[in-house]
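Take a look at the structure below.
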Amino acid sequence: MITTPDFDPALIEDLVAANRILYHEGVVDGFGHVSARHDKRPQHFLLARSMAPGLVTAADLIEHDREGEAVDPHAPTLYVERYIHSEIYKALPAVQAVVHSHSPAVIPFGVTSAKLRPIFHLPSFLALGNGVPVFEIRDTGGPATDMLIRSPKLGAALARALGSAPVALMRGHGDVVVGRSVREVTFRAIYTEVNARLQAEALRLGDGKVEFLTDEEAKAATQTNAAVINRAWELWKAQALDG
Ligand SMILES: [Zn+2]
4 MITTPDFDPA LIEDLVAANR ILYHEGVVDG FGHVSARHDK RPQHFLLARS
54 MAPGLVTAAD LIEHDREGEA VDPHAPTLYV ERYIHSEIYK ALPAVQAVVH
104 SHSPAVIPFG VTSAKLRPIF HLPSFLALGN GVPVFEIRDT GGPATDMLIR
154 SPKLGAALAR ALGSAPVALM RGHGDVVVGR SVREVTFRAI YTEVNARLQA
204 EALRLGDGKV EFLTDEEAKA ATQTNAAVIN RAWELWKAQA LDG
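The sequence shown begins at 4 in this note's numbering and counts up one residue at a time.
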C-alpha cells in the first residue's frame with residue numbers, strides 16, 4: 004500500500020531502486036533502511052514498512068509524519084529505528100534522504116580510535132563538515148541499551164552528533180548517511196563502505212601511516228563527483244533490479 008499517492012513517481016522509483024542497490028552493493032543486508040523526505044509535505048518522509056530492504060517495492064512504502072509515525076493508522080509494522088529518520092529530517096532541513104545501515108567495514112571505525120577519512124577521491128565527502136563523528140549511545144541512553152535508536156530522544160541525539168557532517172558512525176552498531184537526494188545518499192553510503200574497507204587495508208600495509216586527501220583536495224573532488232553520480236547510479240540500478 005502506498006499511503007502517499009501524491010508523492011513524485013520518479014522519487015518513488017528512486018527510493019525503491021535505492022533499497023535494492025544498497026542490498027546489492029553490500030551496504031544493507033536483512034537490516035538497514037533508506038528514506039526520502041516527502042516532496043509535497045516536507046515535514047513527512049517515505050520509508051518502507053519493517054522488512055528487508057532488498058525486497059522493497061513501491062507498495063511497501065509508507066508515509067511517516069514528523070514524529071516518525073505512519074500517517075495511515077492501519078499501516079503495517081514500522082521499523083523500530085524510524086526515529087533516526089524523523090529526528091534527522093526535523094533537525095536538518097537541507098537533508099532530503101537518509102540511509103541507516105550496519106555497513107560491515109565501517110563498524111571497526113566506530114569502536115577504535117582510527118578515524119574514518121577519505122583515502123581516495125570518490126568518498127571525498129567524508130571530509131565535509133568536521134569529518135566523521137562517532138555517536139556514543141551511552142551518553143543519552145545510559146549503560147544498558149540494546150544499541151538501537153528506539154526513541155525520538157535517541158534519534159535527536161544522533162542528529163545532533165551528525166551536525167553538518169554527511170556521515171556519522173554509531174559505536175557498536177553501524178552508521179547513518181545523509182544527502183540532498185536519494186541518489187546522492189546512495190552514492191555516499193556505498194563509498195563510505197568502500198572507503199572503510201580500503202582504509203583498513205591501507206592502515207595495515209602502511210603500519211598505520213596513510214596519506215589522506217587534504218581538505219582542499221576533498222572539496223575539489225566532491226564538486227567533480229556531484230556531476231557523475233548518475234553514471235554510477237544507472238549501473239547500480241541496472242544490476243540491482245536485474246537480479
Ligand atoms: Zn540499526
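No residue lacks a Cβ here, since even glycine has one placed at the ideal position from N, Cα and C. Because the structure is a prediction, the values reported are computed rather than measured.
Determine which residues share a DSSP beta bridge with residue i and list them.
i	result
residue 110	Answer by DSSP bridge pairing: none, since residue 110 is not bridged.
residue 65	50
residue 181	101
residue 211	The partner list for residue 211 (beta bridge, DSSP) is empty, contrary to what the question assumes.
residue 172	137 and 178
residue 132	134
Helix, strand or coil for residue i? Go by DSSP, reduced to three states.
i	result
residue 89	helix
residue 11	coil
residue 154	coil
residue 190	helix
residue 127	helix
residue 147	coil
residue 40	strand
residue 73	strand
residue 32	coil
residue 122	coil
residue 227	helix
residue 56	helix
residue 84	coil
residue 216	coil
residue 95	coil
residue 159	helix
residue 115	coil
Exposed or buried, residue i, counting other C-beta atoms within 10 Å across all chains shown (16 or more means buried)?
i	result
residue 149	exposed
residue 209	exposed
residue 21	buried
residue 45	exposed
residue 27	buried
residue 58	exposed
residue 40	buried
residue 90	buried
residue 19	buried
residue 106	buried
residue 234	exposed
residue 10	buried
residue 225	buried
residue 133	exposed
residue 212	exposed
residue 178	buried
residue 34	exposed
Could you tell me whether any non-hydrogen atom of ligand 3 is closer than 6 Å to the CB of residue i?
i	result
residue 219	Only ligand 1 can be found as ligands here, which leaves ligand 3 out of the picture.
Quick one: measure Cβ to Cβ for residue i and residue j, integer angstroms, because I've assumed they're closer than 8 Å.
i	j	result
residue 17	residue 185	4 Å
residue 126	residue 70	At roughly 33 Å, the Cβ-Cβ gap does not stay under 8 Å, so residue 126 and residue 70 are not in contact.
residue 135	residue 118	7 Å
residue 48	residue 77	Rounded, the Cβ-Cβ distance is 19 Å, inconsistent with contact.
residue 113	residue 54	Their Cβ separation, rounded to whole angstroms, is 25 Å, which puts residue 113 and residue 54 out of contact at 8 Å.
residue 23	residue 244	6 Å
residue 169	residue 141	Their Cβ separation, rounded to whole angstroms, is 24 Å, which puts residue 169 and residue 141 out of contact at 8 Å.
7 Å is my cut-off, CB to CB: does residue i come that close to chain B?
i	result
residue 228	Of the protein chains in this structure there is only one, and it is not chain B.
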